[in-house]
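Structure, as structure tokens:
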Amino acid sequence: EAGVAQSPRYKIIEKRQSVAFWCNPISGHATLYWYQQILGQGPKLLIQFQNNGVVDDSQLPKDRFSAERLKGVDSTLKIQPAKLEDSAVYLCASSLGQGSQPQHFGDGTRLSIL
Amino acid sequence: KNQVEQSPQSLIILEGKNCTLQCNYTVSPFSNLRWYKQDTGRGPVSLTIMTFSENTKSNGRYTATLDADTKQSSLHITASQLSDSASYICVVSGQAGTALIFGKGTTLSVSS
């Protein structure tokens, strides 16, 4: 089966600019996650969708980050405006459901803020 | 506070040797514990998932153990290969519907 697809793989922007990331989960996976992984740390959950509804966005900096999953399939994560501390890898993952279902990760988008 | 601590932070071993990575957690209530392998520049890949009632689970040369009483888990790698060089992340899930809690990972380097 095809894995989780993310684009772009790399992005370099200046602070205060905006950026968007795209994720296409594994077909049939109802649950989609966006994580932020800073160098040397484990991923941190930003937002979790169940179909097109938000399950958990408690750690999403809502003043600058937004995400949507229209039609319950693809998802986009946006940062506007970007700050230096947003430099990280943004990982998308999907799973059939919640609970003990394994999460399948994409290879991420590496964001560098100048 | 729910936390996952991993040790060592990094490890260097010779090809063909065995190694064991440790994970201690304070997450309660506990649902399941996962080990992921993350190659440089790639997303994490699931190795094992263990629920409360499981003590051990294997995936090829990877064997994970779980002691839910002491809240400890280990990942044992047998006959290491160069391709095992990666970061190994321990992840704990609390009650259903709550976010996974990730450790910072152990960076393993296998040299020839």
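Residue numbers (my numbering), protein chains in the order written: chain A, 435 to 548; chain B, 119 to 230.
Cβ atoms here follow ideal geometry from the backbone N, Cα and C, with glycine treated the same way.
For chain B, check one thing: does any of its Cβ atoms lie closer than 8 Å to the Cβ of residue i?
i	result
A/P442	no
A/F539	yes
A/L525	yes
A/G462	no
A/D490	yes
A/L494	no
A/L511	no
A/L530	no
So which residues on chain A does residue i lean against when the C-beta distance must stay under 7 Å?
i	result
B/I130	Under the 7 Å cutoff, chain A gives no residues; its nearest Cβ is about 17 Å from B/I130.
B/N231	Because chain B is modelled from 119 through 230, residue 231 of chain B falls outside the range shown and cannot be assessed.
B/R160	D541
Which same chain residues end up closer than 7 Å to residue i when comparing Cβ atoms and leaving out the 5 residues on each side of it in sequence?
i	result
B/D202	I195, L226 and V228
B/T158	none
B/M168	N150, L151, K175, A182 and L184
Pull up the distance between the alpha-carbon of residue i and that of residue j, whole angstroms please.
i	j	result
B/N142	A/Y467	25 Å
B/S198	B/L132	8 Å
B/R160	A/S461	20 Å
B/V145	A/G540	26 Å
B/G134	B/Y180	13 Å
B/S125	B/Y154	15 Å
B/S211	A/T543	25 Å
Does any residue of chain A bring its CB to less than 8 Å from the CB of residue i?
i	result
B/L218	yes
B/T138	no
B/I207	yes
Anything in chain A within Cβ reach of residue i, meaning under 9 Å, just list it in chain order.
i	result
B/K222	G474, Q475 and G476
B/T183	Those within 9 Å of B/T183 in chain A number zero; the least Cβ separation is about 18 Å.
Using a Cβ-Cβ cut-off of 6 Å (strictly less than) and excluding sequence neighbours within five positions of residue i, which residues of its own chain qualify?
i	result
A/N458	A439 and D508
A/F499	I513
Between which residues of its own chain and residue i is the CB-CB distance below 8 Å, once the five residues before and five after are set aside?
i	result
B/C137	L129, I131, H194, I195, S198 and L226
A/K445	V453, F455, T543, R544, L545 and S546
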